[in-house]
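Chains as they are written, first to last, in this note's numbering: chain P, 30 to 209; chain H, 0 to 262.
Where is the CB? At the ideal position from N, CA and C, for every residue including glycine.
Owing to the predicted nature of the structure, the values given are computational and were not obtained by experimental measurement.
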């Protein structure tokens, strides 16, 4: 690290260190590679602007919080905050491909699903507020406190969202296995 | 909500699964899971979902995106420099990048405890009430003979100090001067997720247990006597402690015991 107070250089190093985390979150939220690129770029430039006010605690959670907000703004049309009940998502899943998602890659519907396809599909159908908690916990391995900061919700809410997400996933996977 | 939390401690099982519980909380939970099929299923589902997620890719930023951002930061630097200069704390006060650990364990334990406490309060109507817990504890202790008494002694000067450091309060321990009631010993049990001191007395062919923990406003409203699954329970307060006695003795016999104990 440079000892000279070069804020932009500090920020560049910080952004580089957490860029994969930022991209992974964006990609799972918007589920489109090009849009995820845009979200991350936009988020990083905003972060640079706010860097002066950053207190220095947990840079990754701070960056992810900005990425998440940018992604949600881009997804505004999609009722981002709404979450389906367990029953709704399960019945949607049971209805099969009736709700085909245009963002899904075309071959996904043709190929016989291996584990990755299955988990992609299941995660894609999770309500956004559940999916983001799950991705932050299981893929980014954030603590409850960090997740609460990123998604701007109380820890208790994070816990219950995580629980619903995991329960849905486990039950949906059982249904998939049973129906194949 | 009902389907999601068949047992209100499911979220604590999850917190344990995510490594967010301290050792004492985790230990109490293991105890609970032995008794609770809902929580055992919850743990199974957690494992199932995690196994599934191992197949989920962790996407990484492309080199092109990295370059784009590096260029963007450079370009914005000139424009942002003024802002940074005006509002930033001196850079040397900012932690170095290396010191930002991936997981910073700040005050999250207490935050989690607060969340868990809140959860218990919110879900209390659905959790087993204290009486049911005591009966369940009593039955379990009777079934597992070795679990009934952790300190075997009829001497209250032995039993009372044994509790020191095991429960965060000083329980009332009395050796009853009566041939009818003999102090057998004591143990620590969990009630409402917190440690309780338990005294075990032999009364003829019956066992009487006395559970003690610090009294709180919440338990004060509970009934002083009740019957549950063939067991009799008596509740009172003494020296700031909530005291419950549980036994399969008849209501009259238990009243006599309590009267004698309280003299």
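Query	Result
Any non-hydrogen atom of the ligand MG closer than 7 Å to residue 170 of chain H Cβ	Only the bare structure without any ligand can be found here, which leaves the ligand MG out of the picture.
Segment contact, 8 Å Cβ cut-off, at least three pairs: the region 59-76 of chain H with the region 169-182 of chain P	no
Residue interval of the alpha helix (DSSP H) (run including residue 224 of chain H)	Unbroken run through residue 224 of chain H is the beta strand (DSSP E), 224-227; no alpha helix (DSSP H).
Nearest candidate by alpha-carbon position, reference residue 66 of chain H, set P:149, P:152, P:191 and P:45	P:45
C-alpha distance - residue 62 of chain P paired with residue 55 of chain H, whole-angstrom precision	16 Å
Three-state class that DSSP yields for residue 62 of chain P in the structure shown	helix
Cβ-Cβ separation, residue 187 of chain H to residue 165 of chain H (assumed contact under 8 Å), whole Å	5 Å
Integer Cβ distance of residue 16 of chain H from residue 45 of chain H, believed to fall under 8 Å	5 Å
8 Å Cβ cut-off: residues of chain P touching residue 13 of chain H	188, 191, 192 and 195
Minimum Cβ-Cβ distance from residue 17 of chain H to chain P less than 8 Å	yes
C-beta neighbour in chain H for residue 199 of chain P, strict 8 Å	yes
Three-state secondary structure assigned by DSSP to residue 38 of chain P	helix
Cβ-based neighbour list, residue 12 of chain H, same chain, cut-off 8 Å, excluding 5 preceding and 5 following	28, 32, 38, 41, 42 and 45
Spatial distance of residue 172 of chain P from residue 201 of chain P (CA atoms)	25 Å
Outcome for residue 47 of chain P when other beta-carbon atoms lying within 10 angstroms are tallied against a minimum of 16	buried
Entirely enclosed alpha helix (DSSP H) segments - the region 167-223 of chain H, minimum 4 residues	216-219
Bounding residues of the alpha helix (DSSP H) (the contiguous stretch that carries residue 251 of chain H)	250-261
Cβ-based burial, residue 207 of chain P [other Cβ within 10 Å; buried from 16]	exposed
Same chain only: Cβ atoms within 6 Å of residue 134 of chain H, ignoring 5 sequence neighbours per side	227, 228 and 230
C-beta atoms of residue 99 of chain P and residue 75 of chain P nearer than 8 Å	yes
Cβ neighbours of residue 71 of chain P in the same chain (closer than 6 Å, five flanking residues each side left out)	99
is_contact[residue 28 of chain H, chain P] using C-beta, thresh 8 Å	no
Cα-Cα separation between residue 195 of chain P and residue 30 of chain H, rounded to whole angstroms	24 Å
Exposure label - residue 245 of chain H; buried when at least 16 CB within 10 Å	buried
Test: residue 24 of chain H CB closer than 8 Å to a CB of chain P	no
Sequence-distant residues of its chain with Cβ nearer than 8 Å to residue 177 of chain H (five each side left out)	259
Interface residues of the region 70-82 of chain P facing chain H [CB-CB below 7 Å]	70, 73, 74, 77, 78, 80, 81 and 82
Residue burial classification, residue 19 of chain H (beta-carbon count within 10 angstroms, cutoff 16)	buried
Closer than 8 Å to chain H by CB, residue 49 of chain P	yes
Cβ-based neighbour list, residue 96 of chain P, same chain, cut-off 7 Å, excluding 5 preceding and 5 following	51, 54, 55, 68, 69 and 72
Backbone CA spacing between residue 43 of chain P and residue 165 of chain P [nearest angstrom]	19 Å
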